[in-house]
Structures are given as structure tokens and as C-alpha cells.
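Chemist: Count along the sequence shown starting at 1, add 15, and that's the number in my numbering. For glycine and all other residues, C-beta sits at the position ideal for the given N, C-alpha and C. Bear in mind the structure is a predicted one, so any value in this text is a computation, not a measurement. First the structure, which I've put down as C-alpha cells, then a few questions once you've had a look.
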Amino acid sequence: MLKGLKILLADDEALLRLDLREMLTDAGHTIIGEAANGLEALELAQRLKPELVIMDVKMPVMDGLTAAQKLAQENIAPVLLLTAYSQQDIVDKAREAGVIAYLVKPIREEQLFPAMEIAVSNFQELQQLQAELVSLQEALETRKLLAKAKGILMELHGLTEQDAYRKMQQYSMLKRVSLRKLAEMIIKSAEK
Numbered sequence: 016m017l018k019g020l021k022i023l024l025a026d027d028e029a030l031l032r033l034d035l036r037e038m039l040t041d042a043g044h045t046i047i048g049e050a051a052n053g054l055e056a057l058e059l060a061q062r063l064k065p066e067l068v069i070m071d072v073k074m075p076v077m078d079g080l081t082a083a084q085k086l087a088q089e090n091i092a093p094v095l096l097l098t099a100y101s102q103q104d105i106v107d108k109a110r111e112a113g114v115i116a117y118l119v120k121p122i123r124e125e126q127l128f129p130a131m132e133i134a135v136s137n138f139q140e141l142q143q144l145q146a147e148l149v150s151l152q153e154a155l156e157t158r159k160l161l162a163k164a165k166g167i168l169m170e171l172h173g174l175t176e177q178d179a180y181r182k183m184q185q186y187s188m189l190k191r192v193s194l195r196k197l198a199e200m201i202i203k204s205a206e207k
């Protein structure tokens, strides 16, 4: 079981927040902020960077679904959504908003802690996948730049692809510049 999470609570019912705070602090978690509406929850999450946000669907000013969607877009923290309703349209909207886990009230400890663990775990996996995607996109872009730069060198100096690449590697090491940066410089100078 997860212990010691920094958690933001958002619910317009102060009594429910109090119950949740007790349950969570008794389990070793820290409540770093509490909000009574979605906008306040969003602002607190942006500022405090919690490890988990537990938020109600129905709140004034900004509902929990809208706040959860913004938190997901900004990749701030996993959201465990609480609702008194289990209608399919709310479940669908929660999924579309990027909500990682969902619980129907009344909240019981035996449901809350496993849902928290799943939310945090899924969020971490999602972040890892996003980082891998960025890395792959950068690698692909670098390959495209290298191919274009090699083509320029091959055309200008009558080199084979292998020789062009070897020359780029040697120059890169000599000048202590990355191959990507060198490729960008070759392309830029060829465009003049």
C-alpha cells in the first residue's frame, strides 16, 4: 500500500473532506491542500504539485470533471474522482477528461486505498509512456536531419553515404558538437 502521499482534497462538502482527511492522515498521507470548488482545486494543484488529487464531480464555480481535464492536460497529478452518481454518461465524461480512477460515494477505506494505488500507478505509467514518446519523436527527428545532412554532403562532395556519415562523426567529435546540431548547421548552410 502507498504511504506518505501528498494529497489535495476537493469537495464542496466540508464534512466529507474532514472524513477523508482523517482516513488519509491515519493511513500516513499528508493533506497539502483543500478546496471547496473546482477552480480553487485547479489553482492549488498548479501551485502545490500534489502526488494525488481526490476530487468530487459536482462542485460550484468549476465542476470536478472540468478541473480534472485541465489537470490531465497539464500533467500535474493523477485524479481520483468521487461522485454520488454512477451513471454511464458521467463515467464516460470522466474517462474523456483523463481521470485515472473513479469512486462512487459513500467512500469506504477498503475501496479508497486500492483506488488511490491504481490511480498513482497508472499515472506513473502514463508519464513514462509520454517520456518515451517524446524520446522516440526526438530520435526520429534527429534521424531525418542526419539523412538530409548526409544527402547534402554526398551531393556537394561526391561522398558515399557511409563516408558522409563518418565525416560528420569525426567533425562532431573534433568540435564537440552533437550530430544533430551538426546536421542542423549543414542543412542551414546549404539553404543559404
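For I245, which residues does DSSP report across the bridge?
Modeler: The first residue shown for the chain is 16 and the last is 207, placing residue 245 beyond what the model contains.
Chemist: Heavy atom of the ligand SAM less than 8 Å from the Cβ of I167, yes or no?
Modeler: The model depicted lacks the ligand SAM and carries no ligand whatsoever.
Chemist: So, are the CB atoms of L57 and L86 less than 9 Å apart?
Modeler: Here the question's residue 57 lines up with position 42 in the sequence shown. Here the question's residue 86 lines up with position 71 in the sequence shown. Contact: yes.
Chemist: Judging by CA-CA distance, which residue of A164, M188, G48 is the nearest neighbour of K203?
Modeler: For this step, residue 203 is matched to residue 188 along the sequence shown. Residue A164 is the option with its Cα nearest to K203.
Chemist: Should P75 go down as buried or exposed, given a rule of 16 or more other Cβ atoms within 10 Å for buried?
Modeler: Residue mapping note: residue 75 aligns to position 60 of the sequence shown, counting from 1. Under this definition P75 is an exposed residue.
Chemist: I think L35 touches V135, with their Cβ atoms under 8 Å apart; what is that distance to the nearest whole Å?
Modeler: The count along the sequence shown starts at 1 and reaches residue 35 at position 20. The count along the sequence shown starts at 1 and reaches residue 135 at position 120. 16 Å between Cβ atoms; not a contact.
Chemist: At the level of alpha carbons, what is the spacing between K21 and G79?
Modeler: Mapped onto the sequence shown, residue 21 falls at position 6. Mapped onto the sequence shown, residue 79 falls at position 64. One C-alpha to the other measures close to 19 Å.
Chemist: So Q142 and N90 are supposed to be a Cβ contact under 8 Å. How far apart are they, rounded?
Modeler: Your numbering for residue 142 matches position 127 in the sequence shown. Your numbering for residue 90 matches position 75 in the sequence shown. Q142 to N90, Cβ: 7 Å. Contact.
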